[in-house]
Amino acid sequence: FTNGSFELPVIEVNTVIPNGPATVTAWTVGGAGPVSFVTGPSFGVPPLSGSQMIELNAGNSVPGDTLAQTFTTTPGQAYTVSFNVARTPANAAGTMSIQGTVISSTGQTLGTLNGVAPSSGWSAPQSFTFVANSATSTLTFLDTSLATVAVDVLLDNVTVVSGIQPPLGPIAHWRFDEGSDVAFKDSS
7 FTNGSFELPV IEVNTVIPNG PATVTAWTVG GAGPVSFVTG PSFGVPPLSG
57 SQMIELNAGN SVPGDTLAQT FTTTPGQAYT VSFNVARTPA NAAGTMSIQG
107 TVISSTGQTL GTLNGVAPSS GWSAPQSFTF VANSATSTLT FLDTSLATVA
157 VDVLLDNVTV VSGIQPPLGP IAHWRFDEGS DVAFKDSS
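Numbered per the numbering used here, the sequence shown spans residues 7 to 194.
Printed below as a string of structure tokens:
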């Protein structure tokens, strides 16, 4: 998996991507409306990772634009997909969202998540896991936003890593011992 922060190629500010392959290294753009490949902030919202990001639903276009990448996987191996979404401009009305879906080379859906942008700033990492069943898998992002006028959805910081990643935050570990006199013990 490559170019998850959309840093390649280096582009001029606010370049609009035509549909098709190879405009954004390793990604294919699809759908009816323009997808913007953005350097620097978009209406005050800067890229989360690096200096470039993707803006879908640009120019008051209808939702449904896609961005996809096919990558090598090992059958039976678990993977975690993570990404962040935002809206631009901040506090604009309407639900802004991007659905990430992984499909195997045989066409089977292996995992999906609809990431919703917060009212301002970037979302916490949106993540889901899948288990590969073929030598390649395709990650597709679909603009599923409900709003289209004067608001766009941003995508950045996409990662695909092998293994199931632990949840963020504190983790408690308890050991249960059978018997009526002891219910739980701290195993540390």
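Don't be surprised by glycine CBs; every beta carbon is placed ideally from N, CA and C.
What did DSSP end up calling residue i once you bin it into helix, strand or coil?
i	result
G65	helix
Q114	coil
V108	strand
Q75	strand
T101	coil
V51	strand
Q58	strand
G36	strand
Q132	strand
Measuring alpha carbon to alpha carbon, tell me which of the options ends up nearest residue i.
i	options	result
A32	V122, L14, E18, G82	L14
I17	F7, T8, S57	S57
Less than 7 Å separating the Cβ of residue i from some heavy atom of the ligand SAH?
i	result
V30	Looking at this structure, you won't find the ligand SAH or any other ligand, since it has none at all.
Using a Cβ-Cβ cutoff of less than 6 Å, which residues in the same chain neighbour residue i once the five nearest sequence positions on both sides are dropped?
i	result
S88	P131, S133, T165
E61	S42, V44, S48, D158, L160
L148	T72, Q105
S110	L116, N139, S140, S143
Starting from the C-beta of residue i, find all residues in its chain whose C-beta is less than 8 Å away, skip the five residues before and the five after it, and write them out in chain order.
i	result
G121	F89, N90, V91, S103, I104, Q105, G106, S129, Q132
Hey, is the region 151-168 in contact with the region 60-67, meaning 3+ C-beta pairs nearer than 8 Å?
yes
Do three or more CB pairs link the region 116-132 to the region 28-39 at distances below 8 Å?
no
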